[in-house]
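Novice:
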Amino acid sequence: MRDIIFIIIIVAFCGCNSASRKGSSATFPVIALLSRVDCTWFEDSMLNKRAGIEKPEDVYLNFVLTNPNDSPVYIPMHRDITDTLYKSHIEVYHKGHKLNTEKQHSHPIILKGKEQCTITVKIQDIGDTELCSDFSDIKKAFASLEFKYVKDESDSIYGKKRVGDMKFYIDDALEFTYREPETFGRFVMWR
């Protein structure tokens with residue numbers, strides 16, 4: 029009887045030990061928190077009218093990426109039509125309809141353990157969808173957006189690690205910024 033109990037203890041110990049090793053090598057998805065939306069129009073509808081801005085135009089989504097892992101995670105991202113190197117990218121959807129987006133700044137992201145960085149994604153056709161029919165709709169519109177990181181394993185040839193995953197959240201205190209009235213009548217360079 030003693031030998032059977034001893035064998036059960038050894039088997040249980042080995043099972044727990046191998047389970048903890050498996051858990052430690054698991055890579056959790058990078059957290060992508062949408063924290064700020066930069067609008068290319070004025071908050072004041074009268075300024076928009078005077079400036080000839082008839083509908084919402086481009087918006088810039090600012091995500092804070094956080095690596096919850098102790099080890100580095102590789103997150104490559106395609107920038108726009110001029111980027112031929114990377115294929116992985118972020119897609120934005122509204123009720124199943126894919127919006128026209130592009131990532132700003134074409135550089136791969138390697139997040140070290142517990143590291144953070146920010147990225148910007150531009151939505152080019154927000155005013156052409158039912159999502160945002162007028163300037164006041166923008167804040168309500170973001171509750172119905174969905175985000176997806178479409179990873180392409182072929183991007184792993186450019187880095188030593190496998191391409192990671194991403195999980196998206198919208199900050200409860202999502203900040204909206206607008207074009208400043210001081211820029212009325214001037215060309216404004218966006219990010």
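For the sequence shown, the numbering used here begins at 29 and goes up steadily by one.
We put the beta carbon where it would ideally sit given N, CA and C, even for glycine.
Small disclaimer: the values here were computed from a predicted structure and weren't measured.
How many Å lie between K189 and Q144 at the Cα?
Specialist: Between K189 and Q144, the C-alpha separation is close to 18 Å.
Novice: Relative to the C-alpha of V102, which residue among L89, L202, T68, P57 is closest?
Specialist: Looking at the sequence shown, residue 102 is not Val but Tyr. Of the candidates L89, L202, T68, P57, the one whose C-alpha sits nearest the C-alpha of Y102 is P57.
Novice: In the DSSP assignment, what residue or residues form a beta bridge with R232?
Specialist: Because the chain in this structure spans residues 29 to 219, residue 232 falls outside the shown range and cannot be described.
Novice: How far does the beta strand (DSSP E) with K176 in it extend, from its first residue to its last?
Specialist: Residues 173 to 178.
Novice: With H, G and I counted as helix, E and B as strand and the rest as coil, what does DSSP make of E143?
Specialist: Three-state result, E143: coil.
Novice: Identify whether S52 lies in helix, strand or coil by the three-state DSSP scheme.
Specialist: Caution applies to S52, whose pLDDT of 48 falls short of 50 and renders its modelled position unreliable; the model cannot decide the point.
Novice: Going by DSSP, what residue range makes up the beta strand (DSSP E) through I118?
Specialist: Segment 117 to 122, the beta strand (DSSP E) holding I118.
Novice: Please classify P104 as buried or exposed, where buried requires at least 16 neighbouring CB atoms within 10 angstroms.
Specialist: With 16 or more other Cβ atoms within 10 Å, it is buried.
Novice: So, F196 versus I147, is the Cβ gap smaller than 8 Å?
Specialist: Contact: no.
Novice: Look at the Cβ atom of V178, then the Cβ atom of S99, and state whether they are nearer than 8 Å.
Specialist: Cβ distance not < 8 Å, so V178 and S99 don't count as in contact.
Novice: Distance, Cα to Cα, K123 vs I166?
Specialist: Straight-line Cα distance between these residues: approximately 15 Å.
Novice: Rounded to the nearest angstrom, what separates D200 and I118 at their Cα positions?
Specialist: Answer to the nearest angstrom: the Cα atoms are 21 Å apart.
Novice: What does the alpha-carbon distance come out to for the pair V87 and N97?
Specialist: Straight-line Cα distance between these residues: approximately 31 Å.
Novice: State the DSSP-derived secondary structure class of N97, mapped to helix, strand or coil.
Specialist: Three-state result, N97: coil.
Novice: How is D183 classed by DSSP in three states: helix, strand or coil?
Specialist: Note: D183 maps to helix in three-state DSSP.
Novice: Measuring straight from C-alpha to C-alpha, what distance separates K50 and I137?
Specialist: With a pLDDT of only 43 at K50, under the threshold of 50, the placement of this residue in the model should not be trusted; the figure read from the coordinates follows. Distance between the alpha carbons of K50 and I137: 25 Å.
Novice: Whose CA, out of N95, L62, L113, L89, lies closest to the CA of D183?
Specialist: Nearest C-alpha to D183: L113.
Novice: Is the beta carbon of L62 less than 8 Å from the beta carbon of I151?
Specialist: No, these two residues do not count as a Cβ contact at 8 Å.
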